[in-house]
């Protein structure tokens, strides 16, 4: 069972807790394959999506997961709320709690916001991405997908390619994969793969061809176009030439390697359409698995002892 | 009712291996008789205690009737009514690889007590399909129902007090087959209900 009422990051989870979430998620995946894709488990509970950053897929995924568990889910739209009038985050969250929220799902551009709310609120808080810190449910759904496709995570070679420095997805994945016994390689330009990350027990490669040689999983990250011309990458064309994933490069990985991407993808910048839509891509399955994993997290947190 | 079983000093054996076997043999014949050897028959064991009992019943029915009986397992975690009251049990898998619609489903559990698990199991099965009928087979009926639920097939009725616990121990779990009655220790109430 989970020790905490909140899910703030993978860093705080034990290996056992991660495995409980993944096992529970596989039962929920069975539910999603049925004609009736809904269970009454959390009937009467209220889930609030409190997103301070734009998000379509994560917010929708949490919304679908909440509905499949029979909760009432409310999307608190920040741009139309009192937030634009300058309401403090903590006041907004306390208001949402007073409205009856049992679980609050938070995304914010500043690291640590979910942790602050978790301390102040009785409701469970789920971190749906905080600044450059963590995005735990993404790492859990990635691990779930790897386990489903490869049968195990222990001993897998995983290359995470792209903008590691600014990526909460990468951070959560590194914690998660290390706890589950995978060996992790970080691949990208030196400006985007900082040395400090090497201290997490991972290998760093600046050469893409060497970096993905012999790996079981290639996880591509999104290159934000805004980074272009800021000194991090020279141009998107040049980035693609050096670190983009195409069919020829993918051939360097193991024959049965899978290709992952948390979305949204920039086709032609970090990945070609041929690879993204190819037989080894599990990108859409990641989306489906995200619902099952988020159902598992909601279910386990709802029953956690407070 | 499975998992870690600590038999305290006061435990008393209610059924031994032979008696369990006889009870299941009788139930299997009653099922065959009442379903008239029906082709629509299928067995669904409730996780976790009912699964091995269902397997044993299916084997006996298959041997007697010389036909394979569809067998599945049902996890009821997502249908329980006590999520707020206690920590969740570890979720097991529901594995029913046949269509239950139109079938005569026999739900199987080891011990019938409050009836809440059976209520949950019926909700769960109807989310999977629409059986033409649902019946209930249990190895032990210990009484103390909270709901209007009764078993169609009972291995043994055992009057108990609510301060007692009943453990069905099976070879499949690494025990010697037996049914044990013991006094519940203070902390065990949670795990029992």
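Residue numbers (the working numbering), protein chains in the order written: chain A, 824 to 1129; chain B, 2 to 194. All residues carry an ideal CB built from backbone N, CA and C; glycine is no exception. All values derive from a computational prediction rather than experimental measurement.
With respect to residue 958 of chain A, residue 992 of chain A sits close: the two C-beta atoms are nearer than 7 angstroms. Rounded to the nearest angstrom, the Cβ distance from residue 93 of chain B to residue 48 of chain B is 4 angstroms, consistent with a contact under 8 angstroms.
Listed along the chain, the chain A residues whose CB falls inside 9 angstroms of the CB of residue 129 of chain B are 857, 858, 859. Here the C-alpha atom of residue 127 of chain B lies approximately 25 angstroms from the C-alpha atom of residue 886 of chain A. Within its own chain, the residues whose Cβ lies closer than 8 angstroms to the Cβ of residue 97 of chain B, once the five positions on either side in sequence are excluded, are 45, 73, 74, 75, 129, listed in chain order. By the Cβ criterion, the stretch 843-852 of chain A is in contact with the stretch 1109-1116 of chain A, since at least three pairs of Cβ atoms, one from each stretch, lie closer than 8 angstroms. At a C-beta separation below 9 angstroms, residue 850 of chain A has these neighbours in chain B: 76, 78, 79, 92, 93, 94, 95.
Within chain B, the residues whose beta carbon sits less than 9 angstroms from that of residue 864 of chain A are 78, 79, 80, 81, 84, listed in sequence order.
In chain order, 863 make up the part of chain A whose C-beta sits under 8 angstroms from the C-beta of residue 124 of chain B. The C-beta of residue 853 of chain A comes closer than 7 angstroms to at least one C-beta of chain B. CA-CA distance, residue 838 of chain A to residue 848 of chain A, rounds to 15 angstroms. Going by DSSP, residue 123 of chain B is part of the alpha helix (DSSP H) stretching over 117-129. If you draw a straight line from the Cα of residue 19 of chain B to the Cα of residue 179 of chain B, it is about 9 angstroms long. Residue pairing by DSSP places residue 899 of chain A opposite A:873 in a beta bridge. Under the Cβ distance rule, residue 847 of chain A counts among the residues neighbouring chain B, one pair being separated by less than 7 angstroms. In this structure, the CA atom of residue 1013 of chain A is about 6 angstroms from the CA atom of residue 1029 of chain A. Where residue 883 of chain A is concerned, the enclosing alpha helix (DSSP H) starts and stops at 880-891. For residue 65 of chain B, the closest C-alpha among the options B:53, B:54, B:34 is that of B:34. Counting C-beta pairs with one atom in each stretch, the stretch 1092-1101 of chain A and the stretch 1070-1084 of chain A have three or more that are closer than 8 angstroms, which means they touch.
The C-alpha of residue 58 of chain B is placed about 44 angstroms away from the C-alpha of residue 1106 of chain A. Judged by DSSP in its simplified three-state form, residue 1048 of chain A adopts helix. Looking at the backbone, the Cα of residue 154 of chain B and that of residue 137 of chain B are separated by about 6 angstroms.
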